[in-house]
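Reviewing the structure listed below.
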Amino acid sequence: MPELPEVETYVQELAPLLRGRQVLEAAVTWPRTIALPDAENFVAQMAGQRFADFSRRGKYMLLGLESGLTLIVHLRMTGHLLVVADDVAVAVHTHVVMRLDNRQKLLFQDARKFGRLWLVADPAPILAELGPEPFAADFNLDYLAARLHGRSAPIKALLLDQSLVAGVGNIYADEALFRAGIHPQRAAGSLDAAEIATLHAAIQEVLMLGIAKAGSSLGGSSLQNYSRPGGAPGGFQEEFKVFRRTNQPCPQCGAPITRIVVAQRGTHFCPHCQPSA
DNA sequence: ATAAGGCCCTGACCGC
DNA sequence: TGCGGTCAGGGCCTTA
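Be aware that the first sequence starts at 570, since it is given in the working numbering, and climbs by one per residue.
As structure tokens, this is what we get:
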């Protein structure tokens, strides 16, 4: 599941491939992929659009078009965007094809069909519920403390809440909590000031490390399902400390990593380094 | 308002 | 080998 680091890398790698390119025609084969407008209007409106600028907000990719419209893409679990030559056979799970003006085509593939595309004049309503970017000034200790104050939900659940901080998903939530030495089931409101500060730093650090890895030409990315926009597979086994390392030794103390379920999500932690209370 | 659970999907995996 | 069942999970929706 692509999270902020992978989406950031995606955007950076897509930009040079798409900037200035015009969409000659679009086709949609799984209409539910298109969140806005409906698939028919999406196809009609995408024709002739030219890609201009590229950015990211949380896990959303924002592909700005010269017309002023924005193509928003959320990969969710298994979505991929890739640019291939026009004559490449379209693989299974390809739900959107956009033929470009340079004998290439932009594909959206998604085995699980959770990913979504929007074509809108104003991205703001789509992004309205997102919290601050993890590296922005408004994601600070005062903010985090205020948002955690009084909350009984497990801290892991709040880290997954995109309105608290945008872009953290299941992988980096587990990694941040491990780095901070905080048990994922701790009631969010029970964290003291020192723990909040440690967690705040840990969130930024694991995301930064993720970006460095996802962006490095050798390291590839984190995820089995993640592949580069050009189509080459990203590296699969990431050096995560705890994520999906059930029963493997903790890199800090050697205790076996434990897997539990928190907020309906598989959750991995070290019971020794992340004591429950 | 908050918390918890279901839902969408299908490839991977497991046990028989 | 084949087959049925279970699991994974981001964001959205419903329920309490």
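We put the beta carbon where it would ideally sit given N, CA and C, even for glycine.
What is the rounded straight-line gap between the Cα of P585 and the Cα of P840? A direct Cα-to-Cα measurement between P585 and P840 gives close to 45 Å.
Please state whether the Cβ-Cβ distance between A726 and A832 is less than 8 Å. Yes, the pair counts as a contact, with Cβ atoms nearer than the cut-off.
By the 10 Å Cβ neighbour count, where 16 or more other Cβ atoms means buried, how is F611 classified, buried or exposed? Only buried fits F611, as 16 or more other CB atoms lie within 10 angstroms of its CB.
Spatial neighbours of N739 within its chain, please: CB distance less than 6 Å, with the 5 preceding and 5 following residues excluded, ordered by chain position. Once the five neighbours on either side are set aside, the close Cβ partners of N739 are R834.
Please say whether V659 and V666 have beta carbons closer to each other than 8 Å? Cβ atoms of V666 and V659: closer than 8 Å.
Run of the alpha helix (DSSP H) containing E698, from where it starts to where it stops: Note, E698: premise wrong, no alpha helix (DSSP H); not H, not E.
Any 3 or more C-beta pairs closer than 8 Å across the stretch 713-727 and the stretch 757-776: Using a C-beta cut-off of 8 Å, the stretch 713-727 makes contact with the stretch 757-776, since at least three inter-stretch Cβ pairs fall below that distance.
Suppose the cutoff is 6 Å on Cβ atoms and the five residues either side in sequence are ignored; what does the same chain contact list for L644 look like? The answer, listed in chain order, is P571, G684.
Reference E744; option with closest CA among E577, R814, T578: Closest by alpha carbon: R814.
Straight-line gap, N816 to L632 (C-alpha atoms, nearest Å): Each residue's alpha carbon lies about 41 Å from the other.
Proximal residues to I765 (C-beta, below 8 Å), its chain only, five neighbours per side dropped: The beta carbon of I765 sits closer than 8 Å to the beta carbons of L710, L713, A714, L717 from its chain, once the five residues preceding and following it are set aside; these are given in chain order.
According to DSSP, Q821 sits in a beta bridge with which residue or residues? Its beta-bridge partners do not exist; DSSP assigns none.
For K782, which three-state DSSP category applies? Helix at K782.
So K810 is in the alpha helix (DSSP H); what residue range does that whole segment cover? From DSSP, K810 is part of no alpha helix (DSSP H); its letter is neither H nor E.
Can you have a look at E609 and say buried or exposed, based on whether 16 or more other CB atoms are within 10 angstroms of its CB? Burial state of E609 is exposed, judged by a 10 Å Cβ sphere holding fewer than 16 other Cβ atoms.
Let me confirm a value: F623 is counted as buried when at least 16 other C-beta atoms fall within 10 Å, else exposed. Which label applies? In the assembly as shown, F623 is a buried residue. Its beta-carbon has 16 or more other beta-carbons within 10 Å.
Considering F620, what are the terminal residues of the beta strand (DSSP E) in which it resides? Where F620 is concerned, the enclosing beta strand (DSSP E) stretches over 620-626.
Counting only runs of 3+ residues fully inside the stretch 573-645, write out the beta strand (DSSP E) ranges in chain order. DSSP runs (the beta strand (DSSP E)) wholly in the stretch 573-645: 592-597, 603-605, 620-626, 629-634, 639-643.
Rounded to whole angstroms, how far is the Cβ of M630 from the Cβ of V580, which I believe are closer than 8 Å? Contact holds; Cβ gap of about 5 Å.
Please state whether the Cβ-Cβ distance between G700 and V734 is less than 8 Å. Contact: yes.
Option in G648, T827, S732, I603 with minimal Cα separation from D707: Comparing Cα positions, the closest option is S732.
Identify whether L792 lies in helix, strand or coil by the three-state DSSP scheme. Since pLDDT at L792 reaches only 32, below the 50 mark, its modelled position is unreliable, and no value is offered.
Selected residue, minimal CA-CA separation from K628, among H649, K810, E635: Ranking H649, K810, E635 by Cα distance to K628 puts H649 first.
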